[in-house]
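A short write-up of the structure that comes next.
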Amino acid sequence: MTGISRVLRVAVPSPLCRLFDYLPPPGCDIDKLVPGIRLRVPFGPRHTIGMLIEVASASQIDPQRLKAALEMIDDEPLVGRDLQQLLHWAITYYHHAPGDVMFTALPALLRQGRAPDVAQQMLWRASGAGTTVRPEQLARAPRQAALLALLQGHPAGLTAADLAEQLDFDWRAALRTLTARGWIERHAVAATSDGAASGGAAGLTAERGPELNAAQRVGADRIVASLGGYAAFLLDGVTGSGKTEVYLQALARVVAAGGQALVLVPEIGLTPQLVARFEQRLGITMALYHSGLTDRERLHTWLAARAGQVPVVIGTRSALFVPLKRPALLIVDEEHDLSFKQQEGFRYHARDLAVVRARNAGVPIVLGSATPSLESLYNVAQERYQHLTLKARAGVAEQPPVHLIDVRRQPLHEGLSDSLLQAIARHVAQGNQVLLFLNRRGYAPTLLCHDCGWMSKCERCDAHMTFHLRQQRLRCHHCGAERAAVEQCPGCGGQDLLPVGEGTERIERVLHERFGDTQIVRIDRDTTRRKGAMQEFLDSAAAGGGRILIGTQMLAKGHHLPGVTLVGIVNTDQGLFGADFRALERMAQLIVQVSGRAGRADKPGEVLIQTHHPDHPLLRTLVHHGYAHFAREALPAAAHASGAAARRSG
Numbered sequence: 000m001t002g003i004s005r006v007l008r009v010a011v012p013s014p015l016c017r018l019f020d021y022l023p024p025p026g027c028d029i030d031k032l033v034p035g036i037r038l039r040v041p042f043g044p045r046h047t048i049g050m051l052i053e054v055a056s057a058s059q060i061d062p063q064r065l066k067a068a069l070e071m072i073d074d075e076p077l078v079g080r081d082l083q084q085l086l087h088w089a090i091t092y093y094h095h096a097p098g099d100v101m102f103t104a105l106p107a108l109l110r111q112g113r114a115p116d117v118a119q120q121m122l123w124r125a126s127g128a129g130t131t132v133r134p135e136q137l138a139r140a141p142r143q144a145a146l147l148a149l150l151q152g153h154p155a156g157l158t159a160a161d162l163a164e165q166l167d168f169d170w171r172a173a174l175r176t177l178t179a180r181g182w183i184e185r186h187a188v189a190a191t192s193d194g195a196a197s198g199g200a201a202g203l204t205a206e207r208g209p210e211l212n213a214a215q216r217v218g219a220d221r222i223v224a225s226l227g228g229y230a231a232f233l234l235d236g237v238t239g240s241g242k243t244e245v246y247l248q249a250l251a252r253v254v255a256a257g258g259q260a261l262v263l264v265p266e267i268g269l270t271p272q273l274v275a276r277f278e279q280r281l282g283i284t285m286a287l288y289h290s291g292l293t294d295r296e297r298l299h300t301w302l303a304a305r306a307g308q309v310p311v312v313i314g315t316r317s318a319l320f321v322p323l324k325r326p327a328l329l330i331v332d333e334e335h336d337l338s339f340k341q342q343e344g345f346r347y348h349a350r351d352l353a354v355v356r357a358r359n360a361g362v363p364i365v366l367g368s369a370t371p372s373l374e375s376l377y378n379v380a381q382e383r384y385q386h387l388t389l390k391a392r393a394g395v396a397e398q399p400p401v402h403l404i405d406v407r408r409q410p411l412h413e414g415l416s417d418s419l420l421q422a423i424a425r426h427v428a429q430g431n432q433v434l435l436f437l438n439r440r441g442y443a444p445t446l447l448c449h450d451c452g453w454m455s456k457c458e459r460c461d462a463h464m465t466f467h468l469r470q471q472r473l474r475c476h477h478c479g480a481e482r483a484a485v486e487q488c489p490g491c492g493g494q495d496l497l498p499v500g501e502g503t504e505r506i507e508r509v510l511h512e513r514f515g516d517t518q519i520v521r522i523d524r525d526t527t528r529r530k531g532a533m534q535e536f537l538d539s540a541a542a543g544g545g546r547i548l549i550g551t552q553m554l555a556k557g558h559h560l561p562g563v564t565l566v567g568i569v570n571t572d573q574g575l576f577g578a579d580f581r582a583l584e585r586m587a588q589l590i591v592q593v594s595g596r597a598g599r600a601d602k603p604g605e606v607l608i609q610t611h612h613p614d615h616p617l618l619r620t621l622v623h624h625g626y627a628h629f630a631r632e633a634l635p636a637a638a639h640a641s642g643a644a645a646r647r648s649g
């Protein structure tokens with residue numbers, strides 16, 4: 000041990016599960032060396048950004064070997080005490096490197112050492128000289144005249160995006176000319192954007208919502224009564240039961256009291272619908288935080304929430320770490336969803352950490368789902384969570400009947416039975432929409448050699464590679480590897496290669512052959528790679544575009560498709576006998592979630608499930624008695640298979 004007066008214990012982005020000791024930067028203000036600030040430090044042959052975790056009085060390392068930190072980046076903790084406490088808990092619980100965990104909580108620009116200033120955006124405005132220019136002075140330059148007149152009418156200035164939206168010509172040349180003449184100037188202001196809103200009322204007026212039914216009122220009242228202290232609620236409501244209305248009642252109280260709330264959703268695609276609904280009802284501008292935003296937009300939301308400037312932040316998994324100055328409520332929608340689990344790097348579960356964060360902050364948390372995870376139901380049984388149930392659909396909508404189709408005695412047309420095809424034809428003829436759910440994108444799950452039995456496997460991870468017909472590519476949906484489709488068998492040289500199994504592309508092809516004049520839309524990750532494509536598909540489908548929709552699990556997550564009256568689930572069996580002890584649970588959740596897309600408006604719906612095992616006991620329980628009965632029967636088996644998973648503390 001040494002007699003050094005101050006030793007800085009720093010978390011550095013590194014796979015090593017330890018902190019690194021440094022001396023204080025020369026000439027720094029010692030009193031500002033507090034946990035949560037960032038430091039620039041030497042690390043091997045390079046310099047990097049670290050976060051101060053602890054100020055110690057001694058080090059196990061010889062003082063002559065200790066290096067001094069280069070500089071303090073922050074004058075005050077960037078990460079508050081509540082988030083520090085959460086991250087320290089995560090380091091211990093997940094046994095992960097401290098540096099990776101701490102820096103996961105920061106936006107990319109802050110990890111790079113960016114100053115924690117509110118992001119700025121550039122505006123164009125008429126200069127002092129430009130405000131006096133008359134239109135006739137630019138009579139021979141109509142584009143310059145139109146641009147200058149527009150800016151004269153907006154003294155505060157307009158962004159480049161504003162100019163592009165309001166002018167129907169290429170204004171850039173006119174902008175350069177007017178700037179050169181000194182009639183237009185550029186200036187910076189604090190940024191607001193779709194991804195990082197100011198959080199004020201922004202001219203919005205809160206709308207009155209529908210009257211709550213008795214179950215919704217009980218749930219909302221219990222959540223509101225808990226504000227000001229920690230409580231965990233499982234809001235267990237069937238699809239269409241009005242869970243969002245319960246959220247809105249609680250959020251309205253938080254906003255009215257000047258608090259802040261964090262809402263986590265599993266998919267980026269769900270945020271536009273929720274944001275529009277929340278803004279209309281709460282009369283505020285929401286702040287977004289997800290991977291679809293730019294680094295600058297995420298930084299602005301993070302800093303604005305930290306400063307208390309936004310009342311409600313809504314985002315995906317990574318939004319868990321957005322700091323709140325006045326935290327009052329956390330909500331995790333679709334808490335069962337696998338998307339909340341980070342699968343690479345620092346592997347954490349956002350739902351579980353959200354519960355820990357709420358407990359540390361002393362605020363309530365609401366976990367909502369139509370198909371709660373077995374972990375959450377176990378925590379209800381252990382009285383860690385309070386159970387709020389919504390058993391009926393809100394309004395006049397009714398639960399659609401669910402029927403099993405025994406495909407063992409039926410010919411299949413690329414995986415589709417005659418019974419399902421006849422039902423599709425009937426609903427399409429009635430002017431309704433049909434949703435076919437197949438949790439396998441691509442043309443076929445794999446290629447098979449008819450001569451020797453060879454199957455296309457990934458060389459990197461040994462999973463089967465999926466065949467994509469249009470691109471003639473083999474892609475691994477597990478690790479992302481891909482290669483050109485082979486024309487002959489690598490094993491025996493044979494050329495009789497057959498696509499085995501069904502994929503969304505293959506189903507699409509057979510439907511085009513059967514329903515040639517019907518508009519068929521395939522919605523999966525292959526067709527929605529372009530930014531904004533997913534929302535365009537959903538908006539079109541919600542408006543009645545596409546008679547037959549083919550989708551993967553992307554469509555199982557809360558999207559409003561009022562015209563769908565038939566849901567067909569093509570391949571249930573792969574979930575019945577999976578090696579993963581969670582396979583049955585996930586199969587049941589997907590069936591219930593997808594079934595919820597049928598008959599959500601004023602039209603009755605029905606659900607058809609194809610299976611080779613119609614007598615499977617848990618499948619029959621799910622279909623005839625519902626998810627709650629299924630979960631009660633499945634929980635003991637899950638607990639036996641993995642006690643740690645079923646007993647995760649909340």
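Using numbering that gives the first Met the number 0, read the sequence shown as starting at 0 and increasing by one per residue.
Beta carbons: idealized from backbone N, C-alpha and C, even for Gly.
Keep in mind the model is a prediction, meaning the values are calculated, not measured.
Closest to residue i by C-alpha separation, out of the options, would be which residue?
i	options	result
V264	Q308, L247, I330 and P326	I330
P97	T293, R39, F514 and G344	G344
L281	V311, N359, E296 and I267	V311
V401	I590, M71 and V217	I590
M121	H186, G567 and R474	H186
C448	C475, H467, G493 and G156	G493
D220	Y246, G236, T238 and D235	Y246
A114	C478, D332, D73 and P613	D73
I222	P371, H386, Y377 and L108	H386
L211	A230, D235, E244 and A231	E244
V6	V33, C16 and P14	V33
R619	L403, G543, V485 and K456	L403
E70	A148, I48 and L82	I48
V100	K31, S56 and L18	L18
Q487	M454, A480, C475 and G515	M454
A214	P106, G228, A231 and K242	K242
In angstroms, rounded to a whole number, what distance separates the CA positions of residue i and residue j?
i	j	result
A159	P141	19 Å
I364	A597	30 Å
A128	F102	48 Å
T551	S375	25 Å
D61	W88	30 Å
V321	A303	10 Å
S372	T91	24 Å
P12	Y626	43 Å
C451	Y347	42 Å
V132	L146	12 Å
V355	L85	7 Å
E584	P616	14 Å
Q398	G79	46 Å
E504	D336	25 Å
F168	E535	25 Å
V251	T300	A quick correction: the sequence has Ala, not Val, at residue 251. The alpha-carbon atoms of A251 and T300 are separated by roughly 20 Å.
H95	R64	26 Å
H612	D417	17 Å
Tell me residue i's beta-bridge partners as DSSP assigns them.
i	result
C448	L496
V433	I547 and L565
T47	V40
P363	A230
W123	L157 and R185
I404	Q609
T465	R474
S416	L411
Residue i and residue j look like a contact to me (Cβ under 8 Å); what is the Cβ gap, rounded to whole Å?
i	j	result
A327	L226	6 Å
E334	R358	Not confirmed; about 16 Å, so no contact.
R305	G258	With a Cβ gap of about 15 Å, R305 and G258 do not count as contacting.
L366	L233	5 Å
I506	I549	6 Å
M50	R37	6 Å
V566	L415	About 14 Å separates the two Cβ atoms, so there is no contact after all.
S126	W182	6 Å
I547	L435	7 Å
List, from N- to C-terminal side, the beta strand (DSSP E) runs of 3 residues or more that fit wholly inside the segment 479 to 518.
If we require 3 residues or more, the beta strand (DSSP E) runs fully inside the segment 479 to 518 come out as 481 to 483 and 496 to 499.
What are the start and end residues of each continuous alpha helix (DSSP H) run of 4 or more residues lying completely inside the segment 324 to 391, in chain order?
Listed in chain order, they are 349 to 360 and 373 to 380.
Pick out the complete alpha helix (DSSP H) segments inside the segment 275 to 324, 4 residues or longer, and give them in chain order.
Those alpha helix (DSSP H) runs which fall completely within the segment 275 to 324 and span 4+ residues are 294 to 305.
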